[in-house]
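At position 7 of the sequence shown the residue is numbered 39 (our numbering), and the sequence of numbers has no breaks.
Below is one structure, written out as structure tokens; the observations come after it.
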Amino acid sequence: METNQGWVDVAAVDGFPEGAMQALIVDGKEVVVFRVDGNFHALQDYCTHDGGDLSSGTFAAGEITCAWHGARFDVRTGRALSPPAYEDATVVEARCCDDRVQVRLR
């Protein structure tokens, strides 16, 4: 459902527990949304090392580890934290509004 200024509802806040991640398709783009310390963050669901889906990896302590080759990224900033990834992941804007999780592509 499209909302104002390009924000798209993707989930209910109460159905998205702390430490969870969810892969979605938003406007034709693969996105993965995370909940860390009560806040929502999102990245394009794409590892910058070799193109694997980040959502198939392991998510813990604010980091996602790609299942393909072990590259790690900070889900809050997209920053590449370890080889073999040297390029940051693409951040997607995420927020909570009216008890809904929303994302907006740039």
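Each residue gets a CB set at the ideal place from its N, CA and C atoms; glycine is no exception.
Bear in mind that the values here come from a model prediction, so they are computed numbers and not experimental data.
Suppose you measure from the CA of residue i to the CA of residue j; what does that come to, to the nearest Å?
{"i": "D59", "j": "P115", "result": "30 Å"}
{"i": "V65", "j": "A92", "result": "13 Å"}
{"i": "M33", "j": "A52", "result": "Residue confidence is low: M33 scores 46 on pLDDT, short of 50, so the model does not pin down where it sits. No coordinate-derived value is stated."}
{"i": "T35", "j": "G102", "result": "For T35, the pLDDT reaches just 49, beneath the cut-off of 50, and the residue's location in the model is therefore unreliable, leaving the point undetermined."}
{"i": "T109", "j": "D46", "result": "24 Å"}
{"i": "Q37", "j": "L137", "result": "11 Å"}
{"i": "Q134", "j": "S87", "result": "18 Å"}
{"i": "V124", "j": "D77", "result": "10 Å"}
For residue i, count the other beta carbons within 10 Å of its own beta carbon; 16 or more makes it buried, fewer makes it exposed. Which is it?
{"i": "I96", "result": "buried"}
{"i": "A131", "result": "The question names Ala, but residue 131 in the sequence shown is Asp. Result: exposed."}
{"i": "Y118", "result": "exposed"}
{"i": "C129", "result": "exposed"}
{"i": "A74", "result": "buried"}
Under DSSP, the beta strand (DSSP E) around residue i begins and ends at which residues?
{"i": "A92", "result": "90–92"}
{"i": "R111", "result": "R111 -> no beta strand (DSSP E), and no H or E assigned at all."}
{"i": "E119", "result": "Here E119 belongs to no beta strand (DSSP E), and DSSP marks it neither H nor E."}
{"i": "D46", "result": "First-last for D46: undefined, no H or E at that position."}
Going by beta carbon distance, what residues of the same chain come within less than 6 Å of residue i, once the five residues before and after it are set aside?
{"i": "R67", "result": "F48, E50, A52"}
Per the DSSP calculation, residue i is bridged to which residue(s)?
{"i": "C129", "result": "R132"}
{"i": "Q37", "result": "Answer is none; Q37 lacks a bridge partner."}
{"i": "V64", "result": "A55, L75"}
Excluding five sequence neighbours on each side, which residues of the same chain lie with their C-beta closer than 7 Å to the C-beta of residue i?
{"i": "D82", "result": "W100, H101"}
{"i": "L113", "result": "E95, R104, F105, D106"}
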